[in-house]
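Visitor: Could you have a look at this structure, given as C-alpha cells, before my questions?
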Amino acid sequence: MDVSNARNGISRYYIPKSSMSRLVGLLHTARLHVHTAFKCDEKHPICSNCSTSERPCKYVGKTKRVVANEAQPASITSAQTSATNNDDYPHQVDSQSPVNMLHIELLQFFNTATLESLKAHNEDLALSLTDILQLSLSAPYLMNQVLALAALHLSHVRLSEQKFYYLQATQLQTHAVSIFNNMCPEVTSENCLQMFLFSAVLGTHVLCDALTYRHDDDLNTLLDRFVRYIPLHRGLRVVTRPAITSLNDSTLRQMLTNHTLNPTSEVVIRGELAKLLSLIERAKLGTSLTKTYRMAIECLQSVIDGAKDGCKPTPSTIIAWPALVPLEYVDSLALHRPEAIVILAHYAALLHLHHELWIFQDGGRFLIESITQYLGSDWAEWLRWPNRELCD
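Residue numbering for the sequence shown follows this note's numbering, beginning at 14 and increasing consecutively.
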C-alpha cells in the first residue's frame, strides 16, 4: 500500500464540534469502563491491578504515572505520554528511557502472527508493518492500539501467561484512548489514514474482548458490553468518513469501504433474512421500529453481498456491521427488545462462519445458544436459521 499516494486528493475536512465531542466522550467512557473492570488487590506499595490500569490506588498517598522500565514493561514512556500535546512529538526523545523489550516482542508478534492471521481471512487487507510504522510516527495512539491488539492475541495463544498479556492489552488500549482524547485530532490529509486504522483496530479489539472474555458467560452482560461498543465504533467511523470517502487508491479504498461505508445501492433482502423481515413485519411493531429493524437487516444483507462468489463474508466486513446499523437499533438492543436480539443472533451466525479465527472464537455460538435459551421456545421459528448454522 502506498500511503503517500493514498493521501492524494484529500485536503482538510472540518468535523462538527458536536461529533468530535461526542466521540471523545465515548472514548472517555470506554477508558473508564476499562478501569472499572479491575478491582484493587491491596498489594503494596501500589496494587498491580491499579498500576496496570493507571487508576489512583487508595493504598498510596500520591500515585505517580507509571513510567516504562524493566520492572513495569508494559507502560508507555513518560516522554511519549507527555508529548502527546506537543506538535514536535516525533522528535521528542527521553535519553533516560530504556528500550521496552515487551513492546518489541508485541510488534514482532503483530507482524508475524496477528497481521498474518487477519490477512489469511481478509484477501483485501493490503497492509504491511512498514505502512503501520510510517503512519504511527505522528499518531502514537495508533501504535499503542496496534500493540494492544497484539497483546490481546497473545493472551489467547500463551494460555499460561493469559492474565499477564490481557492486562498489557488493557493498559495499552487505555493509553491509546487517552492519547487520542488528549490530541482530539481534526481529520486532515495527514492523519485520516491513522484515524481510520485506529477505528478499525480499536473496533476489532473491543469486539474480540466482548466476545471472548465473557464475564460468567452471562448474556445480559455481553449485550450491555455490545451496546457500549457499537457507538464507539460508529463514532470513529463518522469522524473519519469525510476524508476516507475521497481516497483515490482503488485497492486501499476497497479495504476501507468494507469498514466504513453504508451500502451505496438499494439492498435486496433475500433468503433467510427475507424470512426474518417478514416475521418482523407481521409482528406489527409500528412504522418507525419496523423501519429501524429493516435497516439493520439490510446492513446484514450488505455484509453477505460483499462476499465473493462461493466465499463467506470476510471478518472485516462482519466487524463493520455494528458500525453500520442505525442508532435506533442500538437503543432497541439496549432495551433488550426480543426482535433486536433476534437480529443480533443472525449477526452471530456470521461471526460463527469464522469461529476458527481468534478474534471471534466461540462468540457466535455463545450468542446464538444464549439468545435461544433467553427468548425461549416461543421464538424458535425466528431463530431457526442461526441455530441451523451451528450444525453445518
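Cβ coordinates follow ideal geometry from the N, Cα and C atoms, glycine included.
Among residues of its own chain, excluding the 5 on either side of Leu120, which ones have a beta-carbon nearer than 6 Å to its beta-carbon?
Guide: Within the sequence shown, the letter at position 107 stands for residue 120. Nothing meets the Cβ criterion.
Visitor: Taking the alpha-carbon positions, what's the Leu274 to Pro111 distance?
Guide: In the sequence shown, residue 274 corresponds to position 261, counting from 1. In the sequence shown, residue 111 corresponds to position 98, counting from 1. In this prediction, Leu274 scores a pLDDT of 46, lower than 50, which makes its location untrustworthy; no coordinate-derived value is stated.
Visitor: Check whether the Cβ atoms of Ala320 and Pro326 lie closer than 8 Å to each other.
Guide: As a working mapping, residue 320 is identified with position 307 in the sequence shown. As a working mapping, residue 326 is identified with position 313 in the sequence shown. Yes.
Visitor: Is DSSP giving Thr305 helix, strand or coil here?
Guide: Residue mapping note: residue 305 aligns to position 292 of the sequence shown, counting from 1. Residue state, collapsed to three classes: helix.
Visitor: For Thr201, does the three-state DSSP call read helix, strand or coil?
Guide: By 1-based counting over the sequence shown, the position of residue 201 is 188. The answer is strand: DSSP assigns Thr201 an E or B state.
Visitor: Under 8 Å: do the stretch 381 to 400 and the stretch 287 to 296 share three or more Cβ pairs, one atom per stretch?
Guide: Enough Cβ pairs lie closer than 8 Å, so yes.
Visitor: State the Cα-Cα distance for the pair Glu199 and Glu352, rounded to the nearest angstrom.
Guide: Against the sequence shown, residue 199 aligns to sequence position 186. Against the sequence shown, residue 352 aligns to sequence position 339. Roughly 38 Å between the two C-alpha positions.
Visitor: Mind checking whether Val159 and Ile243 have CB atoms under 8 Å apart?
Guide: Residue 159 sits at position 146 when you count from the first residue of the sequence shown. Residue 243 sits at position 230 when you count from the first residue of the sequence shown. Cβ atoms of Val159 and Ile243: not closer than 8 Å.
Visitor: Buried or exposed: where does Met208 fall if 16 or more other Cβ atoms within 10 Å of its Cβ makes it buried?
Guide: Position 195 of the sequence shown, counting from 1, holds the residue named residue 208. Buried, because 16 or more other Cβ atoms sit within 10 Å of the Cβ of Met208.
Visitor: According to the neighbour-count rule (16 or more other Cβ atoms, all chains shown, within 10 Å of its Cβ), is Arg295 buried or exposed?
Guide: On the sequence shown, position 282 is the one that residue 295 refers to. Arg295 comes out exposed.
Visitor: Could you check which residue in Asp144, His367, Ala309 has the C-alpha nearest to that of Ala133?
Guide: The count along the sequence shown starts at 1 and reaches residue 133 at position 120. With distances taken between Cα atoms, Ala133 lies closest to His367.
Visitor: Is Thr143 helix, strand or coil by DSSP?
Guide: The residue you call residue 143 lines up with position 130 of the sequence shown. Note: Thr143 maps to helix in three-state DSSP.
Visitor: With DSSP as the reference, label Asn113 as helix, strand or coil.
Guide: Here residue 113 is taken as the residue at index 100 of the sequence shown, counted from 1. Three-state DSSP puts Asn113 in coil, outside helix and strand.
Visitor: Looking at Leu232 and Ile384, is the spacing between their C-beta atoms short of 8 Å?
Guide: The residue labelled residue 384 in the question sits at position 371 within the sequence shown. The residue labelled residue 232 in the question sits at position 219 within the sequence shown. Their beta carbons are under 8 Å apart, which means Ile384 touches Leu232 by this criterion.
Visitor: Helix, strand or coil: how does DSSP classify Ile192 here?
Guide: For the purposes of this step, residue 192 is identified with residue 179 of the sequence shown, where counting begins at 1. Helix at Ile192.
Visitor: Pull up the distance between the alpha-carbon of Cys404 and that of Gln314, whole angstroms please.
Guide: Taking the sequence shown and counting its residues from 1, one reaches residue 404 at position 391. Taking the sequence shown and counting its residues from 1, one reaches residue 314 at position 301. Cα to Cα, Cys404 sits roughly 21 Å from Gln314.
Visitor: From Ala333 to Asn113, what distance separates their C-alpha atoms?
Guide: On the sequence shown, residue 333 is found 320 positions in, with the first residue counted as 1. On the sequence shown, residue 113 is found 100 positions in, with the first residue counted as 1. So the alpha carbons of these two residues sit roughly 33 Å apart.
Visitor: Could you tell me if Thr65 is buried or exposed, where buried requires 16 or more neighbouring beta carbons within 10 angstroms of its beta carbon?
Guide: Counting from one through the sequence shown, the residue named residue 65 turns up at place 52. Confidence in Thr65 is poor, its pLDDT being 44 and thus under 50, which makes the residue's placement unreliable; the coordinate value appears in the next sentence. Thr65 is buried by the Cβ-count criterion.
Visitor: State the CB to CB distance for the pair Gln184 and Leu115, rounded to an integer number of angstroms; the pair is presumed to be in contact (CB under 8 Å).
Guide: Within the sequence shown, numbered from 1, the residue matching residue 184 stands at position 171. Within the sequence shown, numbered from 1, the residue matching residue 115 stands at position 102. Gln184 to Leu115, Cβ: 11 Å. No contact.
Visitor: What distance in whole Å lies between the Cβ atoms of Ile331 and Ile310, which are believed to be in contact at a cut-off of 8 Å?
Guide: Within the sequence shown, residue 310 is the residue found at index 297, counting from 1. Within the sequence shown, residue 331 is the residue found at index 318, counting from 1. Not quite, the Cβ-Cβ distance comes to about 15 Å (not below 8 Å), so this is no contact.
Visitor: In its own chain, which residues sit with a C-beta less than 6 Å from the C-beta of Val219, not counting the 5 before and 5 after it?
Guide: In the sequence shown, residue 219 corresponds to position 206, counting from 1. Closer than 6 Å at the Cβ level, and outside the excluded window around Val219, lie Tyr242.
Visitor: Just verifying my parser: in three-state terms, what is the DSSP assignment at Thr300?
Guide: On the sequence shown, residue 300 is found 287 positions in, with the first residue counted as 1. Reduced to three states, the DSSP call for Thr300 is helix.
Visitor: Where Leu162 and Gln175 are concerned, what is the direct C-alpha to C-alpha distance, given to the nearest angstrom?
Guide: Locating residue 162 in the sequence shown gives position 149, counting from the first residue. Locating residue 175 in the sequence shown gives position 162, counting from the first residue. Rounded to the nearest angstrom, the two C-alpha atoms are 14 Å apart.
Visitor: Hey, could you find the ends of the alpha helix (DSSP H) Thr385 is sitting in?
Guide: Numbered from its first residue, the sequence shown carries residue 385 at position 372. 376 to 388 is the extent of the alpha helix (DSSP H) around Thr385.
Visitor: Can you tell me whether Ser151 is helix, strand or coil according to DSSP?
Guide: Position 138 of the sequence shown, counted from the first residue, corresponds to residue 151. In the structure shown, Ser151 sits in coil (DSSP, three-state: anything other than H, G, I, E or B).
Visitor: So, at 6 Å on beta carbons, what are the nonlocal neighbours of Asp391 in its own chain, with the 5 sequence-adjacent residues on each side left out?
Guide: Position 378 of the sequence shown, counted from the start, is the residue given in the question as residue 391. Once the five neighbours on either side are set aside, Asp391 has no close Cβ partner at all.
Visitor: Alpha helix (DSSP H) containing Thr330: first to last residue?
Guide: Counting from 1 along the sequence shown, the entry for residue 330 is found at position 317. Note, Thr330: alpha helix (DSSP H), 328 to 337.
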